[in-house]
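Participant: The following block contains the structure, expressed as structure tokens.
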Amino acid sequence: MRVSVLASSSSGNATYIETPEHKVLVDAGLSGKKLAALMASIGRDLNDVDSLFITHEHTDHVAGMGVLARRYKQLTVYANKGTFAHLPKSVGKIPYDQLALFDMGTTLSLGDLDVESFGVSHDAAEPQFYQFHHDDRAFTILTDTGYVSDRLAGTIRDSDAYVMEANHDVEMLREGPYPWGLKQRILSDYGHLSNADGADALMSVIGPRTKRVYLGHRSAHNNTKPLAHTTVAELLKREGLGVDHDFALLDTEREKAEGLFTV
332 MRVSVLASSS SGNATYIETP EHKVLVDAGL SGKKLAALMA SIGRDLNDVD
382 SLFITHEHTD HVAGMGVLAR RYKQLTVYAN KGTFAHLPKS VGKIPYDQLA
432 LFDMGTTLSL GDLDVESFGV SHDAAEPQFY QFHHDDRAFT ILTDTGYVSD
482 RLAGTIRDSD AYVMEANHDV EMLREGPYPW GLKQRILSDY GHLSNADGAD
532 ALMSVIGPRT KRVYLGHRSA HNNTKPLAHT TVAELLKREG LGVDHDFALL
582 DTEREKAEGL FTV
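With positions in the sequence shown counted from 1, the corresponding number in my numbering is that position plus 331.
See below:
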């Protein structure tokens, strides 16, 4: 299984995953043109993608969803009923025969790729994220959640690689320009993981198999890449975890694809 985080931030998210039999995307939170360019930058083509897994209906995860579905007829779009029912009008009409329900808490088998869905705590209709399994390897994406329960941590523990949310620095958010109501939303149990929260979650899930951790969904206004990386690294090291020894701690970008890596 090979993976590239194409984009990860509060303004747009997409991840590419491939196996010998399948090429899939998780979320399409940028324009079709930008997604095509990001794919080209890693030597891949949207014409070859067969599946699109949607996590929830917020624009930074579905902005390009409708365009992709209408342009690439081979694409099957997977999401749960709540997400499909609450898509923004800007997505436009999606051909019905390209839609497929994927219930929360279930596993979908696609030949050599098994996709496990799990619920998160976020202010969306029915938000769910995914763990991908191929040849006894696992890759997990977890962003857009206010907290990580013990049950969820148990579900995703000891993946070979993670994309984990490190959305904001709490003090930057509190002192920043956002309206107080939005600040409360982000800080709530239905908001986003701070840098420290992301580190706490990683302490609960990193295992002996874990070799890569990408920090994702970074806010442009309430965080910086160096701050997120340093905060998470220091907290993990304080707990005795082997950052950059047992596993690599890596950053993601707003609109620049990370190179393909093998899980």
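Even glycine gets a Cβ: it sits at the ideal position worked out from N, Cα and C.
(1) If we count the other Cβ atoms within 10 Å of its Cβ and call it buried at 16 or more, is tyrosine 427 buried or exposed?
(2) On the three-state DSSP scale, how would you describe alanine 497?
(3) So for alanine 492, helix, strand or coil by DSSP?
(4) Under 8 Å, do tyrosine 409 and alanine 431 count as touching if we go by C-beta distance?
(5) Pick helix, strand or coil for alanine 527, following the three-state DSSP scheme.
(6) Taking arginine 549 as part of the alpha helix (DSSP H), name the residues at either end of that continuous run.
(7) I want to know whether the stretch 490-508 touches the stretch 549-566 - three or more CB-CB distances under 8 Å.
(8) Establish whether the CB of aspartate 445 and some CB of chain B are separated by less than 8 Å.
(9) Pick out the complete beta strand (DSSP E) segments inside the stretch 441-490, 3 residues or longer, and give them in chain order.
(10) How would you label threonine 471, buried or exposed, when you count the other beta carbons within 10 angstroms and need 16 or more for buried?
(11) Work out the CA separation of leucine 377 and alanine 367 for me, nearest whole Å.
(12) Using alpha carbons as the reference points, say which of Asn411, Ile373, Lys365 lies closest to valine 398.
(13) For glycine 538 and alanine 371, what's the separation of their Cα atoms in angstroms?
(14) Considering Cα atoms alone, identify which of Glu447, Ser490, Thr438, His560 is closest to threonine 583.
(15) State yes or no: is the C-beta of valine 451 within less than 8 Å of the C-beta of arginine 488?
(16) Return the chain-ordered list of same chain residues with a C-beta closer than 7 Å to the C-beta of histidine 453, the five sequence neighbours on each side being excluded.
(17) In terms of alpha-carbon separation, which member of Leu441, Gly573, Ala400, Gln459 lies closest to isoleucine 425?
(18) If glycine 547 and serine 339 are in contact, beta carbons under 8 Å, what's the gap, nearest whole angstrom?
(19) Between alanine 588 and isoleucine 373, how many whole angstroms is the CB-CB distance? I'm expecting something under 8 Å.
Facilitator: Inspection of the coordinates gives the following:
(1) By the neighbour-count criterion, in which a residue is buried when 16 or more other Cβ atoms sit within 10 angstroms of its Cβ, tyrosine 427 is exposed.
(2) coil
(3) strand
(4) yes
(5) Taken through DSSP and simplified to helix, strand or coil, alanine 527 comes out as helix.
(6) Run containing arginine 549: none; DSSP gives neither H nor E here.
(7) yes
(8) Here chain B cannot be found, since the structure has a single protein chain.
(9) 444-450, 459-465, 468-473
(10) buried
(11) 6 Å
(12) Lys365
(13) 33 Å
(14) His560
(15) no
(16) His387, Asp475, Thr476, Gly477, Tyr521
(17) Ala400
(18) 4 Å
(19) 5 Å
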